[in-house]
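**Q** The structure under discussion is supplied below as structure tokens; questions concerning it will follow.
Chains as they are written, first to last, in our numbering: chain A, 1 to 413; chain B, 1001 to 1230.
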């Protein structure tokens, strides 16, 4: 304790220098923690929205489908759906079809990918089908027996001159390679604000797309949402076993199904790590500078301490004590403010609507209000890392303090 | 057994390209419990010799024994340990740690030695009372006069109960009353506790108190006078 007491009292000898270093440590940990938590919250939201709209936490696909998304690679889902619905930890199961084709009205035609879903399964949770997205109409009540009703994007509707209740034709390749046509009716028009999505969205009942998929209950994807995303690693091997008797179909992690999103998050995280490393380096340099100046001013005092019987380790402990006090004060201040702000950001968030207007993230629609998360393990690592850097930064000044002989220190300084 | 034994000890410095023998082939024995003064003019080698005895510096030639133990082959930390347990220092310029109170300064060496807190406090209080600085325990060095600071430094040197106290011109910055009181107290510690004292000084007051006066000139012992009674 004497070393901490000495450290604290020595730092008080030059309050301005100490305050500058404490603020530098505080600023660094504040930025690092806040960036990290905000990124964690944003990634979680992107993954949540992305998996809900596309692959699920775990997705089932025919072999080779993820490579080039060939429409011919659909598979029968009856048995798989039944198996999945009885699996523990599985919250929702969404069979989906993706039909690349042409949407044609009496006025115009547009190439797009028609998304075939089961409306009754997805009406509550699919971000595209939320009530506030509809500018006209709504989610079709049930899969139509006659002319299927579809939901289309607002830009596409404008370009094709379509309104709710109007008919249009979907043209695409059938399972036999021949071009097939299907008449559909507009059931609802949605606006996401993301231009590439609003200009291309056609969500149709999967049951109405049989002409393109072939006989039976077929889909290109079975998206599985789990109760908790953290269950993916333990659930995936179990779900893979469900396809053991179904050659040609396998289960995939969302990162395999949506590599663009996964890569974007990885790259973003790497950039944050670089920022954190730079902040750590600044803290290290700042601490070395503060302690070195302090040592140079107290050469005689170190000589005295050594004369009195303080050994080399004692001198190091004394400077470690100063570094510890500096780091504790800085980290306490920075972390405290960062956590307080994080409470606000995790509940209210920041609205990036103005920045994200008309843009998707990795081809997916993401909520523009981003909230920070609570990445406790990374916060713990950063705090410990900051302490370690500050303590290691005391090594060089300690070596300098030990370089001068006690007699020399007391004679010359 | 001698408390201190020097065999042909020399210390050389280079100044302006010239080698200066600050201590030149000094051989010396100081008995346990002795009260010795190294006297001589400035530059005669007194402080250098004290530093060598205390292990603050290493001789270029010769050997030094403290309590029968050679310091020749000791590593840096071993010498520090020897100082911690066997040698107490009183410096000319008081040299208190500025961020510690008088009590904390006086306790500091014992704290490093691992003496329990209650025992530390008991010893310091007793020495403070003897030195007439009782009640100043909580003051910091800047709040003490020169004489009070020097007495705290003496308390630090003797409270840890070293075998030897080395004092480098301890009265140089004190008025004559303070200097007399300090010498009286050191003499008492010497007589009552058998602590060996070695002073460097050119203060007649200190020289008069010594049982043995070793005079130095140009790094050598020019006279060694033992007095029967002071």
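Don't be surprised by glycine CBs; every beta carbon is placed ideally from N, CA and C. Since this is a predicted model, take the numbers as computed values, not measurements.
#1: Excluding five sequence neighbours on each side, which residues of the same chain lie with their C-beta closer than 7 angstroms to the C-beta of residue 268 of chain A?
#2: With respect to the beta strand (DSSP E) encompassing residue 1137 of chain B, which residues constitute its N-terminal and C-terminal limits?
#3: Cβ of residue 1195 of chain B less than 8 angstroms from any chain A Cβ?
#4: Starting from residue 416 of chain A, follow its DSSP beta bridges and name the residues at the other end.
#5: Between residue 1097 of chain B and chain A, is there a C-beta pair that is closer than 8 angstroms?
#6: List the whole-angstrom C-beta distance separating residue 114 of chain A from residue 202 of chain A, where the pair is believed to meet the contact cut-off of C-beta under 8 angstroms.
#7: Return no unless some Cβ of chain A is closer than 8 angstroms to the Cβ of residue 1056 of chain B.
#8: Could you spell out where the beta strand (DSSP E) holding residue 481 of chain A opens and where it closes?
#9: At what residue ranges does the segment 1168-1228 of chain B contain a whole run of the beta strand (DSSP E), taking only runs of 3 or more?
#10: Under the three-state reduction of DSSP, which class applies to residue 172 of chain A: helix, strand or coil?
#11: When you compare only the Cα positions, how much space is there between residue 291 of chain A and residue 224 of chain A?
#12: Given a threshold of 16 other Cβ atoms within 10 Å of its Cβ, counted over all protein chains shown, does residue 415 of chain A qualify as buried or as exposed?
#13: Taking 8 angstroms as the threshold (beta carbon to beta carbon), is residue 1084 of chain B in contact with chain A?
#14: Any idea if residue 1175 of chain B is buried or exposed, counting beta-carbon neighbours within 10 angstroms, 16 or more meaning buried?
#15: Check the Cβ-Cβ distances between residue 1051 of chain B and every residue of chain A, and say whether any is below 8 angstroms.
#16: Is DSSP giving residue 1091 of chain B helix, strand or coil here?
#17: Using the beta-carbon of each residue, which ones in chain B are nearer than 8 angstroms to residue 405 of chain A?
#18: Report yes if the C-beta distance between residue 371 of chain A and residue 345 of chain A is below 8 angstroms; otherwise report no.
#19: If you count every other CB in all the chains shown that lies within 10 Å of the CB of residue 18 of chain A, and 16 or more means buried, which is it?
#20: Spell out a yes or no on whether the segment 327-335 of chain A and the segment 1093-1101 of chain B are touching, meaning 3 or more CB-CB pairs, one atom from each, closer than 8 angstroms.
#21: I'd like to check one pair, residue 148 of chain A with residue 205 of chain A: are the Cβ atoms closer than 8 angstroms?
#22: Alpha carbon to alpha carbon, how far is residue 252 of chain A from residue 211 of chain A?
#23: Which whole-angstrom value describes the C-beta separation of residue 1105 of chain B and residue 1156 of chain B, a residue pair presumed to lie in contact below a C-beta threshold of 8 angstroms?
#24: Please confirm whether residue 1109 of chain B has its beta-carbon closer than 8 angstroms to some beta-carbon of chain A.
#25: Please look up how many angstroms separate the CB atoms of residue 1226 of chain B and residue 1217 of chain B, rounded, as I've assumed it's under 8 angstroms.
#26: Assuming residue 49 of chain A and residue 367 of chain A are in contact, meaning their beta carbons sit under 8 angstroms apart, how far apart are those beta carbons, in whole angstroms?
#27: For the candidate residues A:55, A:22, A:397, whose alpha-carbon lies nearest to that of residue 463 of chain A?
#28: Does the beta carbon of residue 21 of chain A sit closer than 8 angstroms to a beta carbon anywhere in chain B?
#29: Tell me which residues share the same chain as residue 246 of chain A and place their Cβ nearer than 6 angstroms to its Cβ, disregarding the 5 neighbours each side in the sequence.
#30: State the CB to CB distance for the pair residue 32 of chain A and residue 310 of chain A, rounded to an integer number of angstroms; the pair is presumed to be in contact (CB under 8 angstroms).
#31: Inspect the beta-carbon positions of residue 24 of chain A and residue 286 of chain A and report whether they are closer than 8 angstroms.
#32: Per DSSP, what are the beta-bridge partners of residue 202 of chain A in this structure?
#33: Does DSSP classify residue 7 of chain A as helix, strand or coil?
#34: Report the neighbours of residue 2 of chain A on chain B: residues whose CB is nearer than 7 angstroms to its CB, in chain order.
#35: Which word fits residue 354 of chain A, buried or exposed, when buried means at least 16 other C-beta atoms lie within 10 angstroms of its C-beta?
#36: Can you tell me whether residue 126 of chain A is buried or exposed? The criterion is at least 16 other CB atoms within 10 Å of its CB, across all chains shown.
**A** By the coordinates alone:
#1: Counting from one through the first chain, the residue named residue 268 of chain A turns up at place 268. Here the set comprises 39.
#2: Numbered from its first residue, the second chain carries residue 1137 of chain B at position 137. Note, residue 1137 of chain B: premise wrong, no beta strand (DSSP E); not H, not E.
#3: Against the second chain, residue 1195 of chain B aligns to sequence position 195. No, no contact with chain A.
#4: Residue 416 of chain A is absent from the model: chain A starts at 1 and stops at 413.
#5: The residue given as residue 1097 of chain B occupies position 97 in the second chain. Cβ-Cβ to chain A under 8 angstroms: yes for residue 1097 of chain B.
#6: Within the first chain, numbered from 1, the residue matching residue 114 of chain A stands at position 114. Within the first chain, numbered from 1, the residue matching residue 202 of chain A stands at position 202. With a Cβ gap of about 5 angstroms, residue 114 of chain A and residue 202 of chain A count as contacting.
#7: By one-based count along the second chain, residue 1056 of chain B stands at place 56. It does; some Cβ of chain A falls within 8 angstroms.
#8: In the structure as shown, chain A starts at 1 and stops at 413, and residue 481 of chain A therefore has no counterpart that could be examined.
#9: 1196-1201, 1212-1217, 1220-1226
#10: For the purposes of this step, residue 172 of chain A is identified with residue 172 of the first chain, where counting begins at 1. The answer is strand: DSSP assigns residue 172 of chain A an E or B state.
#11: Residue mapping note: residue 291 of chain A aligns to position 291 of the first chain, counting from 1. Residue mapping note: residue 224 of chain A aligns to position 224 of the first chain, counting from 1. About 56 angstroms.
#12: Not covered by the structure: residue 415 of chain A. The range shown for chain A is 1 to 413.
#13: On the second chain, position 84 is the one that residue 1084 of chain B refers to. With 8 angstroms as the cut-off, residue 1084 of chain B counts as an interface residue toward chain A.
#14: On the second chain, residue 1175 of chain B is found 175 positions in, with the first residue counted as 1. Flag for residue 1175 of chain B reads exposed.
#15: As a first step, residue 1051 of chain B must be located in the second chain, where it is residue number 51. Judged by the 8 angstroms Cβ criterion, residue 1051 of chain B is in contact with chain A.
#16: Counting from 1 along the second chain, the entry for residue 1091 of chain B is found at position 91. Here residue 1091 of chain B sits in coil by DSSP.
#17: What you label residue 405 of chain A is simply residue 405 of the first chain in a count that begins at 1. What residue 405 of chain A touches in chain B: 1056, 1057.
#18: Within the first chain, residue 371 of chain A is the residue found at index 371, counting from 1. Within the first chain, residue 345 of chain A is the residue found at index 345, counting from 1. The answer is yes: Cβ separation under 8 angstroms.
#19: To locate residue 18 of chain A, count along the first chain from 1; it is residue 18. With 16 or more other Cβ atoms within 10 Å, it is buried.
#20: no
#21: Residue numbering aside, residue 205 of chain A sits at position 205 when the first chain is read from its first letter. Residue numbering aside, residue 148 of chain A sits at position 148 when the first chain is read from its first letter. Cβ distance < 8 angstroms, so residue 205 of chain A and residue 148 of chain A count as in contact.
#22: In the first chain, the residue the question calls residue 252 of chain A occupies position 252. In the first chain, the residue the question calls residue 211 of chain A occupies position 211. Spanning the two alpha carbons is a distance of roughly 27 angstroms.
#23: The residue given as residue 1105 of chain B occupies position 105 in the second chain. The residue given as residue 1156 of chain B occupies position 156 in the second chain. Yes, they are in contact, since the Cβ atoms of residue 1105 of chain B and residue 1156 of chain B sit about 6 angstroms apart, within 8 angstroms.
#24: By 1-based counting over the second chain, the position of residue 1109 of chain B is 109. Closer than 8 angstroms to some Cβ of chain A, the Cβ of residue 1109 of chain B qualifies, so yes.
#25: Walking along the second chain from the start, residue 1226 of chain B turns up at place 226. Walking along the second chain from the start, residue 1217 of chain B turns up at place 217. Their Cβ separation, rounded to whole angstroms, is 19 angstroms, which puts residue 1226 of chain B and residue 1217 of chain B out of contact at 8 angstroms.
#26: Taking the first residue of the first chain as position 1, residue 49 of chain A is located at position 49. Taking the first residue of the first chain as position 1, residue 367 of chain A is located at position 367. Residue 49 of chain A to residue 367 of chain A, Cβ: 6 angstroms. Contact.
#27: For residue 463 of chain A there is no data in the structure shown, the boundaries of chain A being 1 and 413.
#28: Here residue 21 of chain A refers to the residue found at position 21 when the first chain is read from its first residue. For residue 21 of chain A, the answer is no, since every Cβ of chain B falls outside 8 angstroms of its Cβ.
#29: In the first chain, counting from the first residue as 1, residue 246 of chain A sits at position 246. Taken in chain order, the list of residues that qualify is empty.
#30: What you label residue 32 of chain A is simply residue 32 of the first chain in a count that begins at 1. What you label residue 310 of chain A is simply residue 310 of the first chain in a count that begins at 1. That belief does not hold up - the Cβ atoms of residue 32 of chain A and residue 310 of chain A are roughly 35 angstroms apart, past 8 angstroms.
#31: In the first chain, residue 24 of chain A corresponds to position 24, counting from 1. In the first chain, residue 286 of chain A corresponds to position 286, counting from 1. Yes.
#32: Reading the first chain from its first residue, position 202 is the one you call residue 202 of chain A. Its beta-bridge partners are A:114, A:152.
#33: If you number the first chain from 1, residue 7 of chain A lands on position 7. The answer is helix: DSSP assigns residue 7 of chain A an H, G or I state.
#34: Residue 2 of chain A sits at position 2 when you count from the first residue of the first chain. Here the neighbours are 1111.
#35: Position 354 of the first chain, counted from the first residue, corresponds to residue 354 of chain A. That one is exposed.
#36: Translated into positions along the first chain, residue 126 of chain A becomes position 126. It counts as buried.
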